[in-house]
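Engineer:
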Amino acid sequence: MKNIVTLIMLSLLIVSCGNKKDSVEDIIENGSLDEMRAKKTELLQEQSKLKVSIDSLTAAIEAKDTSKKAALVTTTTLKDTLFEHYFEVQGNVETDQNIVLYPEYTGVLTQVYVKEGQRVAKGQRLARIDDGGLGSELARQEAQLALAKTTFERQKRLWDQKIGSEISYLEAKTNFEAMQAATNQMRSRISKTVITAPFSGVIDNLIADQGQVVNAGQTPVIRLINLSDMYVNASIPEAYLGKVNEGTDVKIRLASIGKTYEGKIRQVGNFVSPDNRTFDVKVALPNADSAIKPNLIATVMVNDYTSENAIVIPENTIQQNAAGYSITYIYVPQGDGAIAKQVQIEKGYTADKQVEIISGLKSGDQLIIEGVRTLRDGQEVTLENQNSNNQ
1 MKNIVTLIML
11 SLLIVSCGNK
21 KDSVEDIIEN
31 GSLDEMRAKK
41 TELLQEQSKL
51 KVSIDSLTAA
61 IEAKDTSKKA
71 ALVTTTTLKD
81 TLFEHYFEVQ
91 GNVETDQNIV
101 LYPEYTGVLT
111 QVYVKEGQRV
121 AKGQRLARID
131 DGGLGSELAR
141 QEAQLALAKT
151 TFERQKRLWD
161 QKIGSEISYL
171 EAKTNFEAMQ
181 AATNQMRSRI
191 SKTVITAPFS
201 GVIDNLIADQ
211 GQVVNAGQTP
221 VIRLINLSDM
231 YVNASIPEAY
241 LGKVNEGTDV
251 KIRLASIGKT
261 YEGKIRQVGN
271 FVSPDNRTFD
281 VKVALPNADS
291 AIKPNLIATV
301 MVNDYTSENA
311 IVIPENTIQQ
321 NAAGYSITYI
331 YVPQGDGAIA
341 KQVQIEKGYT
351 ADKQVEIISG
361 LKSGDQLIIE
371 GVRTLRDGQE
381 VTLENQNSNN
391 Q
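Using UniProt numbering, the first residue of the sequence shown is number 1, and each one after it goes up by one.
1. Count Cβ pairs between the region 342 to 361 and the region 310 to 320 that sit closer than 8 Å; are there 3 or more?
2. Pairs of beta-carbons, one from the region 93 to 109 and one from the region 223 to 239, closer than 8 Å: are there three or more?
3. Residue range of the beta strand (DSSP E) that ARG253 falls in?
4. If we count the other Cβ atoms within 10 Å of its Cβ and call it buried at 16 or more, is ILE163 buried or exposed?
5. Going by beta-carbon coordinates alone, are LEU296 and ILE222 separated by less than 8 Å?
6. Relative to the alpha-carbon of ARG253, which residue among MET36, ASP34, VAL302 and ASN321 has its alpha-carbon at the smallest distance?
7. Give me, in chain order, the residues of the same chain whose beta-carbon lies closer than 8 Å to that of ALA71; leave out the 5 immediate sequence neighbours on both sides.
8. Per DSSP, which residues does ILE222 bridge with? Please list them.
9. Look up GLN161 in the DSSP assignment and say whether it is helix, strand or coil.
10. To which residues of the same chain is ILE225 closer than 6 Å at the C-beta, ignoring the five residues directly before and after it?
11. Buried or exposed: ALA208, going by 16 or more other Cβ atoms within 10 Å of its Cβ?
12. Buried or exposed: ASP365, going by 16 or more other Cβ atoms within 10 Å of its Cβ?
13. Beta carbon of PHE176, beta carbon of PHE152: below 8 Å?
14. Would you call the CB atoms of SER363 and LYS79 closer than 8 Å?
15. With a threshold of 16 other CB atoms inside 10 Å of the CB of PHE271, please say whether the residue is buried or exposed.
16. Looking only at its own chain, which residues have a Cβ that is under 8 Å from the Cβ of GLY135, when we skip the five neighbours before and after it?
17. Measuring only the C-alpha atoms, how far is ARG154 from ALA172?
18. Do GLY211 and LEU109 have their CB atoms nearer than 8 Å?
19. What number of angstroms, rounded off, separates the C-alpha of TYR105 from the C-alpha of GLN90?
20. My output table needs one value for LYS21: the three-state DSSP class, helix, strand or coil.
21. SER307 lies in the beta strand (DSSP E); which residues open and close that run?
22. In the structure shown, what three-state DSSP assignment does LEU7 receive?
23. For ALA148, does the count of other Cβ atoms within 10 angstroms reach 16, so buried, or fall short, so exposed?
24. Might you give, ordered along the chain, the residues of its own chain that have their beta carbon closer than 6 Å to the beta carbon of LYS21, omitting 5 neighbours on each side?
25. Quick check: what's the CA-CA separation for ASP55 versus SER326?
26. Nearest to ASP280 by CA position, among ASP304, GLU84 and GLU246, is which residue?
27. Bridge partners of SER359, per DSSP?
28. Can you tell me where the beta strand (DSSP E) with TYR329 in it begins and where it stops?
29. Secondary structure at ASP289, three-state DSSP: helix, strand or coil?
30. For the beta strand (DSSP E) containing TYR86, list its first residue and its last residue.
31. Going along the chain, which residues of its own chain have a beta-carbon closer than 6 Å to the beta-carbon of GLN319, five neighbours each way excluded?
32. Taking its Cβ as the centre, do 16 or more other Cβ atoms sit within 10 Å of VAL213, making it buried, or is it exposed?
33. Taking DSSP as the reference, what is the three-state secondary structure of GLN124?
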């Protein structure tokens, strides 16, 4: 090491003692941009030559220095392992059972039978609108219907006994059927004065107040939500169309509530949007505790690659050599000691700072995981400790 420092100092001295007119200070003082650039290029070339010489001397010194210490490293034994890769897209939490109920009849909202936060069953009455006298009209029509029915039944008995005229029988029948249709229509109109729950859920908001005049199809009255059938809707780039199917594994991260869920894609859209070249997928979400709410932002991690028997190593053990190839080091016993052997590798997918290795490493290799940054190919190493668990 002392020889290296001496060499560096001598080289710098030689450079600094060159022709005075070519010194850095003189060139800067002169102010010529071309001369400054030329001088910088000259010094960079000299620096590169010095580095090559220093590296050669370092290797020669270490080869002859019997007192040097082997580098201290930590290793792990590689094993075949399951490797999964996920890509991420943004999604939105939704439910199909999240609606605002509008009245089907215009009138005064006379009764609201529920409160906000109340759970209701499908078909349960939620509110009533004043029928404007339809109830009385229905009572009158039902009385007329009863009379028409009695008349028809009597005419039918006579007709069955061949008594009376056919026209009397047909008139009674027609009158009864007409009254029956009119009464059913009136009942249908009155039924529209009652707002009922189309599905089981929770009353999220009472929008209209009791006593308020509401208009059919225009005035919002109640918001009803069912949080038991939640799902995430996400748009996926068309490039993944061949890798995403119904049943594909996904992970859903909801940062706002600090929870992550695992699930499967339950529906894949058949339409690719011409605007952003994406297709939609839906993923069901369990919501037993009702913690998930509609319109939450979700991070959807979709599994697009799985290898059952992969070699996986930590990302920070991988370096690049001068040629631009990816390399790492393995521990190789040699004689009474061991060396660090440089291995060129081919990388696959990366997930959670773990890299799948396509070639260059195999099960059973001892990968150097600590002390790897300062190693050279063939350098002697000593083992600090060994963890046989695969990373």
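From the three backbone atoms N, C-alpha and C, an ideal C-beta is built for every residue, glycine too.
Structural biologist: Quick answer:
1. By the C-beta criterion, the region 342 to 361 is judged to be in contact with the region 310 to 320, since at least 3 inter-stretch pairs fall below 8 Å.
2. Contact holds: three or more Cβ-Cβ distances are below 8 Å.
3. According to the DSSP assignment, ARG253 belongs to the beta strand (DSSP E) that extends over 249 to 254.
4. Of the residues assessed, ILE163 falls on the exposed side of the cut-off, its CB having fewer than 16 other CB atoms within 10 angstroms.
5. Remark: C-beta atoms of LEU296 and ILE222 do not approach each other more closely than 8 Å.
6. Between ARG253 and the set MET36, ASP34, VAL302 and ASN321, the nearest pair of CA atoms involves VAL302.
7. Correct list, in chain order: ALA340, GLY371, THR374, LEU375, GLN379, GLU380, VAL381 and THR382.
8. Per DSSP, LEU101 and LEU206.
9. The DSSP-derived three-state label of GLN161 is coil.
10. Counting only Cβ-Cβ distances below 6 Å, and skipping sequence neighbours, we find ASN98, GLY201, VAL202 and ASP204.
11. By the neighbour-count rule (16 or more Cβ atoms within 10 Å), ALA208 is buried.
12. Answer is buried; the Cβ neighbour count reaches 16.
13. Yes.
14. Taking 8 Å as the Cβ cut-off, SER363 and LYS79 qualify as a contacting pair.
15. Its Cβ having fewer than 16 others within 10 Å, PHE271 is exposed.
16. Apart from sequence neighbours up to five positions away, the residues of its chain that approach GLY135 with a beta-carbon distance below 8 Å are ILE190, ordered along the chain.
17. Cα-Cα distance, rounded: 9 Å.
18. The answer is yes: Cβ separation under 8 Å.
19. Spanning the two alpha carbons is a distance of roughly 41 Å.
20. Because LYS21 sits at a pLDDT of 47, beneath the cut-off of 50, its placement in the model cannot be relied upon, and the following sentence gives the value as read from the coordinates. If DSSP states are grouped into helix, strand and coil, LYS21 belongs with the helices.
21. Its beta strand (DSSP E) spans residues 297 to 314.
22. A caution first: LEU7 carries a pLDDT of 48, below 50, which makes its placement in the model too unreliable to give a value.
23. Within a 10 Å sphere around the beta-carbon of ALA148 sit 16 or more other beta-carbons, which makes this residue buried.
24. At LYS21, the pLDDT of 47 sits below 50, so the modelled position is not reliable and the matter cannot be decided from this model.
25. Taking the straight line from one Cα to the other gives about 21 Å.
26. ASP280 has its Cα closest to that of GLU246, out of ASP304, GLU84 and GLU246.
27. Paired residue(s): GLU346.
28. Taken as a continuous stretch (DSSP letters only), the beta strand (DSSP E) holding TYR329 covers 326 to 334.
29. Of the three classes helix, strand and coil, the one that applies to ASP289 here is coil, per DSSP.
30. Here the beta strand (DSSP E) through TYR86 covers 81 to 95.
31. Correct list, in chain order: ILE327.
32. The residue is exposed, with fewer than 16 neighbouring Cβ atoms inside 10 Å.
33. The answer is coil: DSSP assigns GLN124 none of H, G, I, E or B.
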